[in-house]
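Working notes, structure below.
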Amino acid sequence: MPVQSEFRSRISLSLWHFSQLNSYIGIRRKVTESNSFGKGVGKVAARDEIADGFELVTGAPCQASSGVAHPPGCVENMIAESTIETSAQPAARFKAMLCQPEPVLALAPMQDITDYAFLKVISGFGGADFYVTEYFRVHSASTIQRPFLRCITENPTGQPVIAQLAGRDLEAIARTARELQEYPIAGIDFNLGCPAPIVCRKRAGGALLRELELVDAILGTLREAVTIPLTVKTRVGFDGAGELDELLPVLAKHSLDMVVIHGRTVKQLYRGTADYEAIAKVVRGLPCPVIANGDIDGPQKALNVLRETSAHGLMIGRAAIRNPWLFAQTRQAMRGEPLHYPSGREVAEYLRQLYVETTPAFLGPRDQIDKFKKYLNFIGPGLPCAAEFLYEGRRMATREDLDALLAKYLNHDESLTLVAGASVEAANKSITFEKGWR
Ligand SMILES: Cc1cc2nc3c(=O)[nH]c(=O)nc-3n(C[C@H](O)[C@H](O)[C@H](O)COP(=O)(O)O)c2cc1C
369 MPVQSEFRSR
379 ISLSLWHFSQ
389 LNSYIGIRRK
399 VTESNSFGKG
409 VGKVAARDEI
419 ADGFELVTGA
429 PCQASSGVAH
439 PPGCVENMIA
449 ESTIETSAQP
459 AARFKAMLCQ
469 PEPVLALAPM
479 QDITDYAFLK
489 VISGFGGADF
499 YVTEYFRVHS
509 ASTIQRPFLR
519 CITENPTGQP
529 VIAQLAGRDL
539 EAIARTAREL
549 QEYPIAGIDF
559 NLGCPAPIVC
569 RKRAGGALLR
579 ELELVDAILG
589 TLREAVTIPL
599 TVKTRVGFDG
609 AGELDELLPV
619 LAKHSLDMVV
629 IHGRTVKQLY
639 RGTADYEAIA
649 KVVRGLPCPV
659 IANGDIDGPQ
669 KALNVLRETS
679 AHGLMIGRAA
689 IRNPWLFAQT
699 RQAMRGEPLH
709 YPSGREVAEY
719 LRQLYVETTP
729 AFLGPRDQID
739 KFKKYLNFIG
749 PGLPCAAEFL
759 YEGRRMATRE
769 DLDALLAKYL
779 NHDESLTLVA
789 GASVEAANKS
799 ITFEKGWR
């Protein structure tokens, strides 16, 4: 069945289910609940939600959020089917999110990291408010890359997912955006910051910051092509933050719904530190919500960046691989609540889960462990014995080696900040919460 008509029939089915469910099930605002690890702030699973931040409150015909199979006709199954699979619902939910007074927290897109399996794991730890896919490569002959679609069609997070595009071909960009809009995405994000040579050599991603006329044309084309939110993720310039004076008017022209700004130039790659003054300039210079990104490695840093930049929210990348509790911790810090720091054992459990989900059996044992090392490289630096952990981690050859590594370094109940060199005592002392800090 063509995608569009399949979605249409799902909508009518879904609306029927929704009206049936409404007649005997109460609806209340979505609440936070314990996640599968029993601690921290959790997100309710996608199947427990039916519309903009609402959660079904069932009697007890079946167990919500348990992950167990449910008998036919069970309310849980009807809820699963009631997911409306077009972009309209997630887009509306994302738009509502951008209007809320509390800062929004997003997981940064990371090529080869933020795939379906990773989103599934991280969202179980009280994850982000919204997610962005790895970039869909767009060129004259491109088709939608199926593996990336899984984050959208089987969205494991229960939160809005935005599809990111990278390319420079106007026609192909419009075609891809229109095609993606047929899937349940919350918006289209245009990549205007990627510094990777493979992207920049094709004069896409961050390289486009040297061709603002083309950027102007691309954003105009995208704005016309889609009715859902249009966002941009960019850097403070190609060579220097002085280029913002020319970039901001171009971005301001296209009624963007949100801009994410990484406080580095393209030339810097990941060197140096993020420039929060430049991010603050972007916040002041654009009429849309601006999300700050770059080097946010802990809840105190998150509060500092929000204060320094007055950004509408934060996007966190590498530190979230190391510390999937970071989103929940940041929310706790924003509310002035005590923070949950995971114990060594909890971190080990996270790593075991990450291994199981991200290294499918078909890879074979050696490739599985080699694939897992890419995550360890991000995680190791936040651990107390970082150098030894990484040295031994990089030499693992089997799953048994991983178990031995975790037993050696993380088999304890001591709390960890997962910020390089920061003890829990010092971290707690430095958290300063002020009401109305935004
Ligand atoms: C491995 C890796 C892959 C990335 N892939 C993407 C990408 O596909 N699209 C994008 O816009 N940014 C990408 N980025 C940049 C991040 O989204 C983010 O802007 C950057 O890491 C800075 O944030 P952080 O300091 O919180 O990690 C990537 C970064 C890393 C480390």
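So the mapping is simple: my numbering equals the position in the sequence shown, first residue as 1, plus 368. No residue lacks a Cβ here, since even glycine has one placed at the ideal position from N, Cα and C.
Run of the alpha helix (DSSP H) containing M465, from where it starts to where it stops: 456-467
My output table needs one value for R603: the three-state DSSP class, helix, strand or coil. strand
Neighbourhood of D607 by C-beta, 7 Å cutoff - its chain only, sequence neighbours within 5 removed: T633, K635
Roughly how many angstroms lie between the CA atoms of Q468 and A531, to the nearest whole one? 22 Å
Buried or exposed: where does L582 fall if 16 or more other Cβ atoms within 10 Å of its Cβ makes it buried? exposed
Run the CB neighbour count on L475, radius 10 Å, all protein chains shown included, and call it buried at 16 or more, exposed below. Buried is the call here.
Proximity below 8 Å, CB of A754 to CB of G761: Between A754 and G761, the CB-CB gap reaches or exceeds 8 Å.
With DSSP as the reference, identify every bridge partner of Q532, one or two as the case may be. Y503, D557
Per DSSP, which residues does H630 bridge with? Please list them. R603, N661
Is the beta carbon of P471 closer than 8 Å to that of T359? Residue coverage of the chain in this structure runs from 369 to 806, which leaves residue 359 outside it and unanswerable.
Which class does I481 belong to by DSSP, given the choice of helix, strand or coil? coil
Extent of the continuous beta strand (DSSP E) run through V472: 472-475
Identify, in the order they occur along the chain, each residue of the same chain with its Cβ nearer than 6 Å to the Cβ of F746, setting aside the five sequence neighbours on each side. R686, I689, R690
Starting from M702 and walking both ways along the alpha helix (DSSP H), at which residues does that stretch end? 694-703
With burial defined as no fewer than 16 other Cβ atoms inside 10 Å of the residue's Cβ, what is the status of Y484: buried or exposed? buried
Measure the CB-CB distance between V567 and A545 and report whether it falls below 8 Å. no
Report, in whole angstroms, the separation of the C-beta atoms of D643 and V604, which I expect to be a contact under 8 Å. Indeed, because the Cβ distance is near 6 Å, the residues count as touching under 8 Å.
Sort out for me which residues DSSP pairs L682 with in a bridge. L473, A660
Spatially closest choice to L694 from H680, S491, R569, A459, by CA coordinates: S491
Can you pull every residue whose C-beta falls closer than 6 Å to some heavy atom of ligand 1, listed in chain order? A476, P477, M478, Q479, I481, E502, Y503, Q532, N559, G561, C562, K601, H630, N661, G662, D663, I664, I684, G685, R686, A687
Beta-carbon spacing of N559, K621 below 8 Å: For N559 and K621, no; Cβs fall outside 8 Å.
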